Amino acid sequence: MFAAENGLRGDPRLEAISEAIRVVPHFPKQGIMFQDITTLLLDPKAFKDTVDIFVDRYRDMDISVVAGVEARGFMFGPSIALAIGAKFVPLSKPRKLPGKVISEAYELEYGTDCLEMHIGAVQPGERALVIDDLIATGGTFSAAIRLLGTVQA
Amino acid sequence: MSAYRVQDPRIHGIKTKIRVVPNFPKPGIMFQDITTLLLDPKAFKDTIDLFVERYKGKNISVVAGIEARGFIFGPPIALAIGAKFVPLRKPKKLPGEVIFEEYTLEYGKDRLEMHVGAVEPGERALVVDDLIATGGTLCAAMNLLERVGAEVVECACVIELPDLQGRKRLSGKPLYVLVEYH
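So the protein sequences, as listed, match chains A and B.
In this text, residue positions in the first sequence follow my numbering: the first is 1, and each later residue adds one.
In this text, residue positions in the second sequence follow my numbering: the first is 1001, and each later residue adds one.
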């Protein structure tokens, strides 16, 4: 499906990556089939392949910032950043980052939450990636994109 | 760590990239902010390289990282040495069956959780976090790994606050750090 659209059709690494992800039913609540990537992290080859696929895609795109969404984005983002020579910028829940921050609110199913980024971490004109383990409704990603947009990345 | 140890030339660059933020999260605390280190690709790479050089080829099959800043340093180390990465998390974040270890905070308690089955008996493990202060969290992490029969080879942190004597809480387990702040 997605693999074909992203030019990954037939990439032999994808099947093992997909199989390494565990589905946990009814977490965090009834009806949700939770995609657990911790089992992927237990397979060094599949984990390395995951990072390599992203690195192969992004290494020559002049990207200087990899922004990772707390906390599972922290598990993937830094390795990608290191391999492509970019800085890693954590996007955190409120009150975790110690310095001055900008924040963006986003909607949850019930209520809102907030994503924060350190002021000065990203400069105008920088080319950035946003990384997380999963995209569902896109609320968190949309907040991340707005944060980077605020500093003109 | 001997006072006469010759310092690797990369250490100075790493230390200067760590930002100290006064009075966070509360008055009197000088917070060691590693996010500025992550903004310098060379210094971040040097940090990881120093750990990888130490642990590669030592038959370590598990790198356990403590939420959340341990998630930033642990996976790159794990990938480079061919080990699995195991996240140790705050309560109710891990979706599968977990075991937990309680530890005391200045006021109250917290707990650290690990997935059942992530680590097998006899595996050799590292525990990674950005910083060791009192050692409470690292001690809980070590206990989790030992309870499932793993051998904790070493605890690895970027920063140590030696005045808080966290080293003493590690029951004699070795601790390796890159920089100290007094």
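Cβ atoms here follow ideal geometry from the backbone N, Cα and C, with glycine treated the same way.
If you're wondering where the values come from, they're calculated on a predicted model, not measured in any experiment.
Practice problem: Any chance you could list the beta strand (DSSP E) runs of at least 3 consecutive residues sitting entirely within the segment 1053-1126 of chain B, in chain order? | Solution: 1062-1066, 1084-1088, 1098-1104 and 1109-1115
Quiz item: Where does A/E15 sit, in a helix, a strand or coil, going by DSSP?
Solution: If you number the first sequence from 1, residue 15 of chain A lands on position 15. If DSSP states are grouped into helix, strand and coil, A/E15 belongs with the helices.
Quiz prompt | Closest by C-alpha distance to A/D113, when choosing among A/V122, A/G31, A/A143 and A/R127 | solution = Mapped onto the first sequence, residue 113 of chain A falls at position 113. Among A/V122, A/G31, A/A143 and A/R127, the Cα nearest to that of A/D113 is on A/A143.
Quiz item: If you draw a straight line from the C-alpha of A/M1 to the C-alpha of A/R9, how long is it?
Solution: The count along the first sequence starts at 1 and reaches residue 1 of chain A at position 1. The count along the first sequence starts at 1 and reaches residue 9 of chain A at position 9. For A/M1, the predicted model reports a pLDDT of 46, less than 50, meaning its position is unreliable; a value from the coordinates is still stated below. If you take the alpha carbons of A/M1 and A/R9, they lie about 8 Å apart.
Quiz item: Taking Cβ-Cβ distances shorter than 8 Å, what residues in chain A pair up with B/E1067?
Solution: As a working mapping, residue 1067 of chain B is identified with position 67 in the second sequence. Chain A residues near B/E1067: A71.
Practice problem: Could you list which residues in chain A have their beta carbon closer than 9 Å to that of B/D1033, in chain order? | Solution: Your numbering for residue 1033 of chain B matches position 33 in the second sequence. Residues of chain A passing the Cβ test: L97, P98, G99 and H118.
Quiz item: Do B/L1088 and B/G1065 have their CB atoms nearer than 8 Å?
Solution: Residue mapping note: residue 1088 of chain B aligns to position 88 of the second sequence, counting from 1. Residue mapping note: residue 1065 of chain B aligns to position 65 of the second sequence, counting from 1. Going by C-beta atoms, B/L1088 is nearer than 8 Å to B/G1065.
Quiz item: Taking buried to mean at least 16 other C-beta atoms within 10 Å of its own C-beta, is B/H1012 buried or exposed?
Solution: Within the second sequence, residue 1012 of chain B is the residue found at index 12, counting from 1. Per the 10 Å Cβ criterion, exposed.
Quiz item: If we cut at 8 Å on Cβ distances, does A/S18 have a partner in chain B?
Solution: In the first sequence, counting from the first residue as 1, residue 18 of chain A sits at position 18. For A/S18, the answer is no, since every Cβ of chain B falls outside 8 Å of its Cβ.
Quiz prompt | Contact list for A/D132 against chain B, beta-carbon separation under 7 Å | solution = Residue mapping note: residue 132 of chain A aligns to position 132 of the first sequence, counting from 1. Ordered by position in chain B, no residue passes the 7 Å Cβ test against A/D132, which lies about 13 Å from the chain.
Quiz prompt | Spatial distance of B/S1002 from A/A153 (CA atoms) | solution = Against the second sequence, residue 1002 of chain B aligns to sequence position 2. Against the first sequence, residue 153 of chain A aligns to sequence position 153. Unreliable placement is indicated for B/S1002, whose pLDDT of 46 sits below 50; no coordinate value is reported for it.
Quiz item: Between the Cα of A/M33 and the Cα atoms of A/V24, A/G138, A/E70 and A/T39, which residue gives the shortest distance?
Solution: To locate residue 33 of chain A, count along the first sequence from 1; it is residue 33. The residue with the shortest Cα to Cα distance from A/M33 is A/V24.
Quiz item: Are A/I119 and A/I145 closer than 8 Å when you measure CB to CB?
Solution: Here the question's residue 119 of chain A lines up with position 119 in the first sequence. Here the question's residue 145 of chain A lines up with position 145 in the first sequence. No, the pair does not count as a contact, with Cβ atoms beyond the cut-off.
Quiz item: Roughly how many angstroms separate the alpha carbons of B/P1174 and A/A67, rounded to a whole number?
Solution: As a first step, residue 1174 of chain B must be located in the second sequence, where it is residue number 174. As a first step, residue 67 of chain A must be located in the first sequence, where it is residue number 67. The alpha-carbon atoms of B/P1174 and A/A67 are separated by roughly 33 Å.
Quiz item: Comparing the C-beta of A/R141 with each C-beta of chain B, is any distance below 8 Å?
Solution: Residue 141 of chain A sits at position 141 when you count from the first residue of the first sequence. First, the residue type needs correcting, since residue 141 of chain A is Phe and not Arg in the sequence shown. Judged by the 8 Å Cβ criterion, A/F141 is not in contact with chain B.
Practice problem: Taking 8 Å as the cut-off, decide whether the C-beta atoms of B/N1023 and B/R1124 are in contact. | Solution: Taking the second sequence and counting its residues from 1, the one referred to as residue 1023 of chain B is at position 23. Taking the second sequence and counting its residues from 1, the one referred to as residue 1124 of chain B is at position 124. No; because the gap between Cβ atoms is not below 8 Å, this pair is not in contact.
Self-check item: Beta-carbon proximity of B/Q1032 to B/I1018, cut-off 8 Å
Solution: Sequence index remark: in the second sequence, residue 1032 of chain B carries index 32 (1-based). Sequence index remark: in the second sequence, residue 1018 of chain B carries index 18 (1-based). Cβ atoms of B/Q1032 and B/I1018: closer than 8 Å.
Quiz prompt | Close Cβ partners of B/P1025 (< 8 Å) along its chain, the five nearest in sequence each way excluded | solution = Indexing the second sequence from 1 puts residue 1025 of chain B at position 25. Only F1031 meet the Cβ criterion.
Quiz item: First and last residue of the alpha helix (DSSP H) that includes B/M1142?
Solution: To locate residue 1142 of chain B, count along the second sequence from 1; it is residue 142. From DSSP, the alpha helix (DSSP H) with B/M1142 extends over G1136 to R1147.
Quiz item: With 8 Å set as the bound, which would you pick, yes or no: does the beta-carbon of A/G85 sit closer than that to a beta-carbon of chain B?
Solution: For the purposes of this step, residue 85 of chain A is taken as the residue at position 85 of the first sequence. True, the Cβ-Cβ gap to chain B drops below 8 Å.
Quiz item: Which residues, taken in chain order from the segment 55-67 of chain A, show a beta carbon closer than 7 Å to some beta carbon of chain B?
Solution: none
Practice problem: Return no unless some Cβ of chain A is closer than 8 Å to the Cβ of B/M1001. | Solution: As a working mapping, residue 1001 of chain B is identified with position 1 in the second sequence. Only weak support exists for where B/M1001 lies, its pLDDT of 48 falling under 50; the coordinates are left without a value.
Quiz item: Would you call the segment 1032-1044 of chain B and the segment 80-95 of chain A in contact, with 3 or more CB pairs under 8 Å?
Solution: yes
Quiz prompt | Three-pair Cβ contact test at 8 Å for the segment 1075-1095 of chain B versus the segment 116-134 of chain A | solution = no
Practice problem: Please decide whether A/P78 counts as near chain B, where near means a Cβ-Cβ distance under 8 Å. | Solution: Numbered from 1 along the first sequence, position 78 holds the residue referred to as residue 78 of chain A. Cβ-Cβ to chain B under 8 Å: yes for A/P78.
Quiz item: Counting contacts by CB-CB distance shorter than 8 Å, is B/P1162 in contact with chain A?
Solution: If you number the second sequence from 1, residue 1162 of chain B lands on position 162. Judged by the 8 Å Cβ criterion, B/P1162 is not in contact with chain A.
Practice problem: Could you please give me the residues that DSSP links to A/A90 through a beta bridge? | Solution: Locating residue 90 of chain A in the first sequence gives position 90, where the first residue counts as 1. Per the sequence shown, residue 90 of chain A should be read as Pro rather than Ala. DSSP lists A/G68 as partners of A/P90.
Quiz item: Between B/I1048, B/D1129, B/M1114 and B/R1054, which lies nearest to B/E1160 when the distance is taken from Cα to Cα?
Solution: Along the second sequence, read from residue 1 onward, the residue named residue 1160 of chain B stands at position 160. Nearest option by C-alpha distance: B/D1129.
Self-check item: Collapsed DSSP secondary structure at B/R1169 in the structure displayed
Solution: Locating residue 1169 of chain B in the second sequence gives position 169, where the first residue counts as 1. The answer is helix: DSSP assigns B/R1169 an H, G or I state.
Exercise. Alpha carbon to alpha carbon, how far is B/A1150 from B/N1143? Give it in angstroms, no decimals.
Key: Position 143 of the second sequence, counted from the first residue, corresponds to residue 1143 of chain B. Position 150 of the second sequence, counted from the first residue, corresponds to residue 1150 of chain B. Their Cα atoms are separated by approximately 10 Å.
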